[in-house]
Each structure stands twice: as structure tokens, then as C-alpha cells.
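Trainee:
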Amino acid sequence: MKNDDILKAAQRNKIRGKEFENREETLSTMISYITSIIVGTILFVVEYYSKGHLNISLIIVAITAIGSDTLYKGIRLKKKLSIVMGIILSTIALLALVAYLVIK
223 MKNDDILKAA QRNKIRGKEF ENREETLSTM ISYITSIIVG TILFVVEYYS KGHLNISLII
283 VAITAIGSDT LYKGIRLKKK LSIVMGIILS TIALLALVAY LVIK
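Residue numbers (our numbering): 223 to 326.
1) I need the straight-line Cα distance from SER290 to ILE282, nearest angstrom please.
2) Jot down the residue ranges of each uninterrupted alpha helix (DSSP H) in the region 226-308, minimum 4 residues, whole runs only, in chain order.
3) Sorted by chain position, which residues of the same chain lie with C-beta nearer than 7 angstroms to LEU280's C-beta, five sequence neighbours on each side aside?
4) Since I believe LEU293 is in contact with SER312 (beta carbons under 8 angstroms), could you give me their beta-carbon distance rounded to a whole number of angstroms?
5) Since I believe ALA284 is in contact with ILE314 (beta carbons under 8 angstroms), could you give me their beta-carbon distance rounded to a whole number of angstroms?
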């Protein structure tokens with residue numbers, strides 16, 4: 223093989239490696255979000271049935287994490303849909319926090 227062929231093959235492998243890394247990073251982020259929502263929901267339900275009152279603070283934490291991450295990625299990658307979704311989720315979390323503080 224010529225040096226140019228070797229260089230091109232190495233560049234292709236590097237690009238494939240980055241694509242795989244990005245895909246896995248996205249997948250791991252989504253799994254962590256889903257896990258935090260599931261755990262928050264389970265704790266919410268357990269507290270509701272054991273103590274008889276609603277505590278939405280755990281759900282607020284999960285929504286805040288997802289909203290801030292989505293907003294940050296949207297701004298960094300200049301994706302309008304992610305920015306809008308991040309703003310919507312952050313607003314929902316903020317309104318839920320205000321409602322939680324007012325009710326409590």
C-alpha cells in the first residue's frame with residue numbers, strides 16, 4: 223500500500239470512531255434521563271402512598287436535568303428544535319417548582 227492509501231484508511235477509521243462515540247454518548251445520555259425519570263416516579267408514588275401527600279420535587283429535578291441539557295446542546299449545536307424543547311422543559315420545571323413551593 224502507498225502512504226496515501228494508508229493515510230486515507232486511517233482517516234476513515236477515525237471518522238467512524240467519532241461517529242460511534244457520538245452515538246454511544248447520545249444513547250448513554252438518554253438512558254440516564256430515562257433512569258432518573260423512572261426512579262423519580264417510583265419515589266414519587268411510594269411517598270404518595272406511604273405518607274399520603276404529593277412531593278413533586280423529584281420529578282422537577284429530572285425535568286430540570288433534561289431541560290438544561292437539551293438547551294445547552296441546542297445552543298452549542300445551533301439546533302432550533304433542541305433550543306425550543308430545552309426552553310419548554312426548563313419553563314415546565316420552573317412552573318412546577320413555583321407551584322410546589324406555593325402549595326407546600
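Cβ coordinates follow ideal geometry from the N, Cα and C atoms, glycine included. As the structure is a prediction and not an experimental result, all values here were calculated from the model.
Mentor: Reading from the atomic positions:
1) Against the sequence shown, residue 290 aligns to sequence position 68. Against the sequence shown, residue 282 aligns to sequence position 60. Here the alpha carbons of ILE282 and SER290 stand approximately 12 angstroms from one another.
2) Entirely contained in the region 226-308, the alpha helix (DSSP H) runs reaching 4 residues are, in chain order, 279-299.
3) As a first step, residue 280 is located in the sequence shown; it is residue number 58 there, counting from the start. Cβ neighbours of LEU280 beyond the five flanking positions: GLY262, LEU265 and PHE266.
4) By one-based count along the sequence shown, residue 312 stands at place 90. By one-based count along the sequence shown, residue 293 stands at place 71. Contact check for SER312 and LEU293: beta-carbon distance about 6 angstroms, within the 8 angstroms limit, so the pair qualifies.
5) If you number the sequence shown from 1, residue 314 lands on position 92. If you number the sequence shown from 1, residue 284 lands on position 62. Here ILE314 is actually not in contact with ALA284; their C-beta atoms are around 11 angstroms apart, not less than 8 angstroms.
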